[in-house]
Amino acid sequence: MSRLSLAPALRWSGALRRKTSAHPGFESWLEQAADQPVTASLIDAWFTELAGHALTAQAPALDVLRKALRQTRERVFYTLLVRDLAGVAPLEEVVGAMSHFADLAIAQAYRAVAADLAGVHGTPLDPATGAPQEMLIIGMGKLGGRELNVSSDIDLIMLYGEEGETDGRRRISHHEFYGRLTQRMMPVLSEPDANGQVFRTDLRLRPDGDAGPLAWSLDALENYLITQGREWERYAWLKGRVIPAQAFADSNMRQQEAQLEALRKPFVYRKYFDFDALSSLRALRERIREDWNKRASQRNGIDATHNIKLGDGGIREIEFVVQLNQLIRGGRIPSLQKRGLLKALQQQVITGVIDETLAKRLESAYVFLRRTEHLLQYREDEQTHLLPHNPQLRADLATAMGMTPDEFEETLAAHRAFVNGTFRNAFRLAGMGDDGETAATKPEPESGTGTAAATDDAMARHIEAHFGSPNETLLQRIDSLRQSHRVRSLPTTSRRRLKALLPAIIETAAKTANPEQTALRLLELIEQIVQRSPYLALLAEYPEILARVARIVGASPWAAQYLRQYPLLLDSLIEWHSLMAPPDFVELAQHMRSELDACMLPTGQPDVEQQMNLMRDIQRQVSFQLLAQDLGGVLSVEQLADQLSALADMLLAETIRRVWPLVQPKGQAVSSLPPSRFAVIAYGRLGGKEIGYASDLDLVFVYDDDRDDAGEIYAKLGRRMASWLSTMTSSGRLYEIDLRLRPDGDAGVLAVSLDAFEQYQLEHAWPWEHQAITRARFAAGDPSVGARFEEIRQRVLLLPRDPNKLRDEVKVMREKIAAGHPNPTQLFDLKHDRGGMVDIEFITQYLVLSTSTAHPELLDNLGNIALLGLAARAGLIPQQLSSQVADAYRVFRKAQHEMRLQGNDVARIPADQFQPERDAVCALWKAVIGD
Numbered sequence: 000m001s002r003l004s005l006a007p008a009l010r011w012s013g014a015l016r017r018k019t020s021a022h023p024g025f026e027s028w029l030e031q032a033a034d035q036p037v038t039a040s041l042i043d044a045w046f047t048e049l050a051g052h053a054l055t056a057q058a059p060a061l062d063v064l065r066k067a068l069r070q071t072r073e074r075v076f077y078t079l080l081v082r083d084l085a086g087v088a089p090l091e092e093v094v095g096a097m098s099h100f101a102d103l104a105i106a107q108a109y110r111a112v113a114a115d116l117a118g119v120h121g122t123p124l125d126p127a128t129g130a131p132q133e134m135l136i137i138g139m140g141k142l143g144g145r146e147l148n149v150s151s152d153i154d155l156i157m158l159y160g161e162e163g164e165t166d167g168r169r170r171i172s173h174h175e176f177y178g179r180l181t182q183r184m185m186p187v188l189s190e191p192d193a194n195g196q197v198f199r200t201d202l203r204l205r206p207d208g209d210a211g212p213l214a215w216s217l218d219a220l221e222n223y224l225i226t227q228g229r230e231w232e233r234y235a236w237l238k239g240r241v242i243p244a245q246a247f248a249d250s251n252m253r254q255q256e257a258q259l260e261a262l263r264k265p266f267v268y269r270k271y272f273d274f275d276a277l278s279s280l281r282a283l284r285e286r287i288r289e290d291w292n293k294r295a296s297q298r299n300g301i302d303a304t305h306n307i308k309l310g311d312g313g314i315r316e317i318e319f320v321v322q323l324n325q326l327i328r329g330g331r332i333p334s335l336q337k338r339g340l341l342k343a344l345q346q347q348v349i350t351g352v353i354d355e356t357l358a359k360r361l362e363s364a365y366v367f368l369r370r371t372e373h374l375l376q377y378r379e380d381e382q383t384h385l386l387p388h389n390p391q392l393r394a395d396l397a398t399a400m401g402m403t404p405d406e407f408e409e410t411l412a413a414h415r416a417f418v419n420g421t422f423r424n425a426f427r428l429a430g431m432g433d434d435g436e437t438a439a440t441k442p443e444p445e446s447g448t449g450t451a452a453a454t455d456d457a458m459a460r461h462i463e464a465h466f467g468s469p470n471e472t473l474l475q476r477i478d479s480l481r482q483s484h485r486v487r488s489l490p491t492t493s494r495r496r497l498k499a500l501l502p503a504i505i506e507t508a509a510k511t512a513n514p515e516q517t518a519l520r521l522l523e524l525i526e527q528i529v530q531r532s533p534y535l536a537l538l539a540e541y542p543e544i545l546a547r548v549a550r551i552v553g554a555s556p557w558a559a560q561y562l563r564q565y566p567l568l569l570d571s572l573i574e575w576h577s578l579m580a581p582p583d584f585v586e587l588a589q590h591m592r593s594e595l596d597a598c599m600l601p602t603g604q605p606d607v608e609q610q611m612n613l614m615r616d617i618q619r620q621v622s623f624q625l626l627a628q629d630l631g632g633v634l635s636v637e638q639l640a641d642q643l644s645a646l647a648d649m650l651l652a653e654t655i656r657r658v659w660p661l662v663q664p665k666g667q668a669v670s671s672l673p674p675s676r677f678a679v680i681a682y683g684r685l686g687g688k689e690i691g692y693a694s695d696l697d698l699v700f701v702y703d704d705d706r707d708d709a710g711e712i713y714a715k716l717g718r719r720m721a722s723w724l725s726t727m728t729s730s731g732r733l734y735e736i737d738l739r740l741r742p743d744g745d746a747g748v749l750a751v752s753l754d755a756f757e758q759y760q761l762e763h764a765w766p767w768e769h770q771a772i773t774r775a776r777f778a779a780g781d782p783s784v785g786a787r788f789e790e791i792r793q794r795v796l797l798l799p800r801d802p803n804k805l806r807d808e809v810k811v812m813r814e815k816i817a818a819g820h821p822n823p824t825q826l827f828d829l830k831h832d833r834g835g836m837v838d839i840e841f842i843t844q845y846l847v848l849s850t851s852t853a854h855p856e857l858l859d860n861l862g863n864i865a866l867l868g869l870a871a872r873a874g875l876i877p878q879q880l881s882s883q884v885a886d887a888y889r890v891f892r893k894a895q896h897e898m899r900l901q902g903n904d905v906a907r908i909p910a911d912q913f914q915p916e917r918d919a920v921c922a923l924w925k926a927v928i929g930d
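The sequence shown maps to residues 0 to 930 in numbering that gives the first Met the number 0.
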C-alpha cells in the first residue's frame, strides 16, 4: 500500500525539516504513522510505549513522565502536520487529537504530582464523607470545547471541594495542598527542556486572575460568581469542562463535578432571555475588537488585518456570534448548551435560532480559517495567527492549502468579509434589534425616582400632549408605581430605564384604539416585571417590542393578565414573524424532545424538574403564539380550538414518554424498556377539540397489557401522569385535569384496563356517561390501544336504546345541568341557558345515541356542527333548522370566546341580542327531544 508523501509537509514546515534532519529515523517512522487517523486510542498507545507504563498503572516518575509527554506531543504534532498537508485529516481529527492529548497530559501530570505530595502530606479527604477529594481541573476556551489548535496555550482553572486537612503525618490544609499541587504541575506541562514543551499553560482565567490563589474551593467560587462574576466570565465559563483526571481511588469526583455544574450552568445560562446582559455583551464585543487591534498592532507593528484569529473577520468573531446566541438563549433552550463551536452552531440551526444558509457560511469560514491557522503554526511549531507579509510566503501558504495564490486570497477575503459583517450585525441576527444604544441605556445624570413636583408636572404635560386632555387616573398610577418599594429599591441602571420607559408607555398607548386602558395595563405589567431587569431592559431599549405589547394588552384584559402572570412570554415578541406563523406541531414535537433530552443532571439522570418546567414554558409560548394570531384576526374560533387541542395532544404524548421510564422497577435500563400499552382518552371540550386557552382537560387513562404487574404499573403511570400535568412548579401548571369521568369516578382506579372499561360501559355505565363518550377520542399513547378504545366506543354507541326513555334521561340530565348553573340575571347565558350551547350539545348526543344503529355515519367524533349536517342529510332533522343551529353554535362560540378575552368568567349577553339563534335552537330541541 502506498504511503502518504511527506514532501508537502517538508516543503512547508521548517520545524519538520529540522526534526527529520536531527533524527533520521523519525522520517521513516512518520511515513508509517501518517497512514492512519490520529485517534485517542493511538495517542494512548504512543504514550504507553514511550512512558513504559500503562495508563491505568501508577503514574511514572516525574522525569520519565516529562520526557514521555514531550515525545508523545511531537508524534501527535508531526503526524497531524503530514496528514493535514496531505488533505486527509479533517478539522475534527486535528482538534480532537490535540484536545485528547491535552487531557491525557494534564491527567498524567496531576496524578504524578498528587502522588508525590500525598506521600509527604497525606491524602486530602472530604470532611463530610471521609472519601478522598480530588482537585477539579477545568479546561477553558478551546480545550474546554475539545477544539484545541496544534500549537496552543491551554487555559486552566483549579478547584477543589471542601476545606480541610490532609491525613498524613505532615498535615497541611487543603488550600495549601492544592496550591502546591498546581504550582508543581505547571512545569511538568509548560517548562521547555531538551525534549521540548508540552503546552504553555495559563491560569489567569481563575477568579481574581493573578491576584487570586492558584486553587479555589467550590464555596469560594460560588461566592465569587454570585457577587462579582462579570459578563466576560460568563463567556469564558461557557466552554468550561472538567478534565477527566483522577489521582485517588474511590474519590468523590462525581459529586464534586455535580456541585460545580450546579454553579456553572445558572451562572452562564439564565432562565430568561438575558436582555439585561445585552449592553454588557455589546461592550464586551467592542472591548474584544479594541483589544485584538491593540495586541495585533503591538506585535512587531503588524496590523489586525493579518491576524486571522483576532483581526476583522477572524476566528474570534465567529465564536462571538455563536456564543452570543448561547448566552442569550441557552437557559431557555437547553440543547444550545454545547461546548464545541460547530456542534453549537449546528444545534442553533436545528432549533431555528440561526438561518441554515448563514450557519453553513459561518461553518465554511471557520473550517477554512482554522486550517489556515494550523498551517501557520505547523511552519515553525509556534503559536501564531499572523498571515505572512512576504509575498512568496503567502504564495507558499496558498500552495500548502492546495490552492493557487489568487484562489487563496479571494477565498480568504470573502470569508473574512462575511464573518465581519455577521459579527457587526450579531445582535440583530440574534433577534435583538440593531446594535446602536438607545437613550434608555446611555448614562444620564441621576435624578432619583422622579417623585419631585417638577417631574410630576412634566409627566402631566406629557400625558395631556398625547391624550388630548389631563388624566388624573394615569398620573396617580404612575406616581404610585414610582413610590412603590419595588421601584425605590431598584439599582441605578433599572431606575434610569424606568424613567425613560414611562413617557414611552404614554406615547405608545396613545397610538392604540383604547389609550387609557392600554396605558393602565402596561403600567400594571411594568409593576409586575420591574425587578426583573432583563425585561425592563427589553421594553426600554426596543420600542417596537413595547408597541407589540401595547397592541396585545390593549386588545384584551385577559391577554394582559396572562402576560403579567407569565412575563417570560415577552421573549416571544422579539421574533414577530415566527410568532405570527402557524405552529408546526411535528417540528415542535421534535424540537421539544431534543430539548427535554438535553435536560440532564451531572449524574446522567434526567432532570425531571427542568423537564417539567420546560414543557410548561413551551405550552405557554405556543398558547401565546396562538393568542397573538387570535387577536390579530388570523384565526377563527374553530381554528384556534383545533390548534390548542393539537398542542394538548402533543404535550400529553410527550408526558407519557417522559413518565414511563420513571415508573419502572429500579435497575431497569431505559434502553430495554418495553413500550407502554397505554392511552390517554380525551373527553369533553378536548374530546371535541373545542378547548380554550385556560380549559381543564377531562381525561381517562386506559391500558391493554397482559403483563402480570400491569394493574400496578399502569396505576403508577396514571398517578405520575396526573402529577406531571397538574403539579405547580416554578413555571406554573401544565394543565388542570379532571379524571372523574373514568369508570366509578373518584372511587375508581386511575388507569383502567380496556377489558374493565368495556365491561363497565356495556353493563354498568349511566346514560350520561354514554352521552359523554360521544365526544371521547384517543388523544395520545399507543395507537393500537387507541384503536381498540374506538371499537369499544362504537359498540357502546350502537347499544339498543328506547328513544322515549333516552329522551327522558336526556331531559333529566339537562335539568340537572341547568340547576347547577343558575342565572339570576336578566341576561342570556350563552352556554347554560335554554337555547344555548348545552342544548345544541345534548341534541347531537341524543341523535348519536338513538340513531347510530341505522345511521353509522354519526358514530365518528366529528363535532357538533358536522354531526348536525350529517343528521340533516340523513333526514333526521330539517335541513334549514340544522343550518340555523350550526350557525348559532358558531355565533355562540365566537361571542363566548370574545367575552373570555375581555376577562369575563361567564358569557352572558342582553337577552335579545341573539334571539333568532336562540329560537332556532329551541325549535330544534322541541323537534328532536320535545318540550
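For every residue, glycine included, the Cβ atom is placed at its ideal position computed from N, Cα and C.
Note that the coordinates shown come from a computational prediction; the quantities given were computed from them, not determined experimentally.
From residue i to residue j, what distance separates their C-alpha atoms?
i	j	result
R199	R328	34 Å
L220	L124	19 Å
D648	P802	35 Å
Q667	P660	8 Å
K370	P59	The sequence shown places Arg at residue 370, not Lys. Cα to Cα, the separation comes out at about 35 Å.
I690	L572	24 Å
F426	P915	56 Å
D209	N222	18 Å
R947	A21	As shown, the chain starts at 0 and ends at 930. That puts residue 947 outside it, with no answer to give.
G950	D828	Past the boundaries of the shown model lies residue 950; the chain is included only from 0 to 930, so the question cannot be answered.
L805	D703	31 Å
A214	D456	57 Å
G51	P206	38 Å
Can you give me the start and stop residues for the alpha helix (DSSP H) that residue i sits inside?
i	result
L545	542-554
A214	Careful: A214 lies outside any alpha helix (DSSP H), inside the beta strand (DSSP E) at 214-216.
I153	From DSSP, I153 is part of no alpha helix (DSSP H) but of the beta strand (DSSP E) over 152-159.
A935	The chain is shown only over 0 to 930; residue 935 falls outside these bounds and no answer can be derived.
V621	607-630
T400	Checking the sequence shown, residue 400 turns out to be Met, not Thr. From DSSP, M400 is part of no alpha helix (DSSP H); its letter is neither H nor E.
Please name the residue, chosen from the options, that lies closest to residue i on a Cα-to-Cα basis.
i	options	result
E526	S479, V701, I839	S479
A558	F100, G51, E897, D154	E897
A922	L900, I908, R889, Q879	Q879
M185	A113, K264, A412, A818	A113
G211	A193, L158, D166	L158
R494	R481, A503, A546	R481
Q770	F913, L797, A750	L797
A412	H173, L202, G144, G312	G312
L567	T128, V548, R229, P556	V548
M458	D166, K498, L846, L147	K498
L733	W723, G13, A746, P742	W723
F584	Q618, S851, R331	Q618
N324	N306, I307, A358, G310	A358
Less than 7 Å between the CB of residue i and some heavy atom of the ligand NAD, yes or no?
i	result
R415	No copy of the ligand NAD occurs in the structure displayed, which carries no ligand at all.
Considering only residues of the same chain and omitting the five flanking positions on each side of residue i, which have a CB-CB separation below 8 Å?
i	result
I401	Going by the sequence as given, residue 401 is Gly instead of Ile. Once the five neighbours on either side are set aside, the close Cβ partners of G401 are G86.
R718	L749
Apart from the five residues on each side of it in sequence, which residues of its chain come closer than 7 Å, Cβ to Cβ, to residue i?
i	result
V624	One point to set straight first is that residue 624 is Gln, not Val, in the sequence displayed. Correct list, in chain order: S571, L578, P582.
Check for me: the beta strand (DSSP E) holding residue i runs from which residue to which?
i	result
M134	134-138
List in chain order: all unbroken alpha helix (DSSP H) runs of 4+ residues lying wholly within the region 469-523. You should have 471-482, 484-487, 491-508.
Return the chain-ordered ranges of every beta strand (DSSP E) run that is complete within the region 737-786 and spans a minimum of 3 residues. As far as the region 737-786 is concerned, its whole beta strand (DSSP E) runs of at least 3 residues are 750-752, 776-780.
Only counting runs of 3 or more residues, tell me where the beta strand (DSSP E) segments fall wholly within the region 216-268, in order along the chain. Taking 3 residues as the shortest admissible run, the region 216-268 contains no complete beta strand (DSSP E) segment at all.
What are the complete alpha helix (DSSP H) segments, minimum 4 residues, inside the region 40-88? Along the length of the region 40-88, whole alpha helix (DSSP H) runs at least 4 residues long occupy 61-84, reported in chain order.
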